[in-house]
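Visitor: Numbered according to the working numbering, the sequence shown terminates at residue 317, and the numbering increases by one at each position without gaps.
Quick reminder that beta carbons are idealized off the backbone N, C-alpha and C, glycines included.
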Amino acid sequence: MMRVLVTGSAGLVGSAIARRLRAAGRTVVGVDRLPSAETSVVADLRDSAAWRGALDGVGAVVHTAALHAPHVGVRPDAEFHEVNVGATRELLAAATAAGVRRFVYTGSTSVYGHALEPVDGAVWITEEVAPRPRDVYDETKLAAERLVLDAGAEGGLSTVCLRIARCFPEPPEVEARHRLYRGVALADVAEAHLLAVEGDAEGVLNVAGPYPWLEEDLKRLRYDPAGLITGRLPEVAAGFARRGWALPTSVDRVYVSARAGAVLGYRPRHGVSELTSPGVK
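1) In terms of residue numbering, what span does the beta strand (DSSP E) encompassing Leu198 cover?
2) Measuring only the C-alpha atoms, how far is Val119 from Val308?
3) Taking only runs that begin and end inside the segment 262-286, name each unbroken alpha helix (DSSP H) of 4 or more residues, in chain order.
4) Going by beta carbon distance, what residues of the same chain come within less than 7 Å of Ala232, once the five residues before and after it are set aside?
5) Cβ atoms of Val292 and Trp160: under 8 Å apart, would you say?
6) With distances taken from CA atoms, which of Val290, Pro314 and Arg303 is nearest Ala158?
7) Within 10 angstroms of the Cβ of Arg278, are there 16 or more other Cβ atoms? Answer buried if so, exposed if not.
8) So for Ser45, helix, strand or coil by DSSP?
9) What three-state label does DSSP hand Thr162 in the structure shown?
10) So which of Glu211, Lys177 and Leu254 has the shortest CA-CA distance to Phe276?
11) Just to confirm my understanding: we take Asp156, look at its own chain, exclude 5 residues before and 5 after, and list those with CB closer than 6 Å. What are they?
12) Output needed for Val136: all residues of its chain with C-beta closer than 6 Å, excluding positions within five of it in sequence on either side, in chain order.
13) Can you tell me where the beta strand (DSSP E) with Leu216 in it begins and where it stops?
14) Given that a residue counts as buried once 16 or more other Cβ atoms are within 10 Å of its Cβ, and exposed if not, what is His229?
15) If you drop the 5 nearest sequence neighbours on each side, which residues of the same chain put their C-beta closer than 8 Å to that of Thr162?
16) Whole angstroms is fine: what's the gap from Thr63's alpha carbon to Pro205's?
17) Grouping DSSP H, G and I as helix and E and B as strand, with all else coil, what is Ser293?
18) According to DSSP, Val78 sits in a beta bridge with which residue or residues?
19) With DSSP as the reference, label Arg137 as helix, strand or coil.
20) Rounded to whole angstroms, how far is the Cβ of Cys203 from the Cβ of Gly219, which I believe are closer than 8 Å?
21) Got a sec? Which residues, its chain only, sit under 6 Å from Gly50 by beta carbon, not counting five neighbours each side?
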C-alpha cells in the first residue's frame with residue numbers, strides 16, 4: 037500500500053486530495069501548519085526539521101501548500117518566496133534524499149497571467165501558452181513549478197505539475213458561470229491528483245472542467261456566449277433562466293485539459309449541468 041505525504045492537508049484542495057487518496061486505499065501523511073482531520077504532522081514547511089521525518093517510507097508527495105492569490109498585498113512578497121519557492125526547494129531535496137519515487141505539484145492556471153487577456157476572441161489555454169505572471173503569487177507558483185520540473189530532469193524523482201483551474205467556493209451563480217470555461221469541481225481536482233500519484237506522466241498538465249467548446253467557438257465565446265450556450269446547451273441555458281441567473285456576457289479564456297486526458301486518463305465528470313439541472317436546489 038503506497039504511503040503518500042500531502043502538504044497543505046488542512047486546506048480546501050489538500051484535504052480533498054487526502055480524502056480521495058485514503059478512499060483509494062493509500063496511507064496518507066498530512067503536513068500542515070494548522071491541525072485538521074487530515075493533518076498528521078503540524079508543522080510550517082519552512083521548518084524542515086519539524087516535518088522531514090514524515091517522509092520515511094513515503095512513495096509519493098503531493099505538494100499543495102502555498103500562499104495564494106488572496107494573500108497578495110496582505111502578506112509580504114518575501115514571504116511568498118519563502119513559502120512558495122524556498123519551502124518547495126527544501127521539500128524536493130528532502131524527498132529525493134528519502135528515496136521518494138513520485139512528486140506531484142499542485143500549480144495554478146493563474147500563472148498564465150497576462151496571457152489570459154483576450155484580443156479578438158477568447159484565449160484557448162493549452163500548456164503551450166507561455167505564462168506571463170501578473171503578481172508575486174503567479175511569479176512564485178511558476179518558480180516553484182520550474183524547481184519541480186528541474187528536479188525531475190535531474191533523475192531519481194518523477195515529477196509532474198498540475199495547473200488546476202478555479203475551484204474555491206463561490207456563490208452558486210458565479211460558480212455555474214465559471215464551470216462553463218474556467219472552473220473545475222474539487223472532486224475532479226482530487227481525482228486528477230490520484231491519477232497523477234499512480235501514473236508516470238511528467239511535465240505540466242492543465243486540470244480543468246468538462247467544457248463543450250472547440251477552438252472555432254472562441255470568437256462567439258468572446259462576443260456572444262449566451263447565444264452559443266443557448267444553442268449548444270439548451271438545458272443549461274434553461275437552468276440559468278429557471279434560477280434567474282444571467283448567462284455570461286463575455287468569455288475571456290477556455291482552459292484545455294486534453295493533455296491530462298491523454299497522459300493521465302483524466303476525465304472530469306462534474307460540469308455545469310450538476311449546478312443547473314432541475315433536481316439541483
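Guide: Reading from the atomic positions:
1) Leu198 -> beta strand (DSSP E) spans Ser194 to Ile200.
2) The C-alpha of Val119 lies about 34 Å from the C-alpha of Val308.
3) DSSP runs (the alpha helix (DSSP H)) wholly in the segment 262-286: 270-279.
4) Val140, Val196, Leu198 and Leu300
5) yes
6) Val290
7) exposed
8) coil
9) Residue state, collapsed to three classes: coil.
10) Residue Glu211 holds the alpha-carbon nearest to the alpha-carbon of Phe276 among Glu211, Lys177 and Leu254.
11) none
12) Taken in chain order, the residues that qualify are Val94 and Val97.
13) Segment: none, Leu216 is in no beta strand (DSSP E) and carries neither H nor E.
14) buried
15) Asn242, Val292, Ala294 and Arg295
16) 27 Å
17) In this structure, DSSP gives Ser293 a state outside helix and strand, which the three-state scheme calls coil.
18) Asp68
19) coil
20) With a beta-carbon spacing of about 7 Å, Cys203 and Gly219 fall inside the 8 Å limit used to define contacts.
21) For Gly50, where only same-chain residues beyond five positions count, the Cβ hits under 6 Å are Val42, Gly44 and Thr100.
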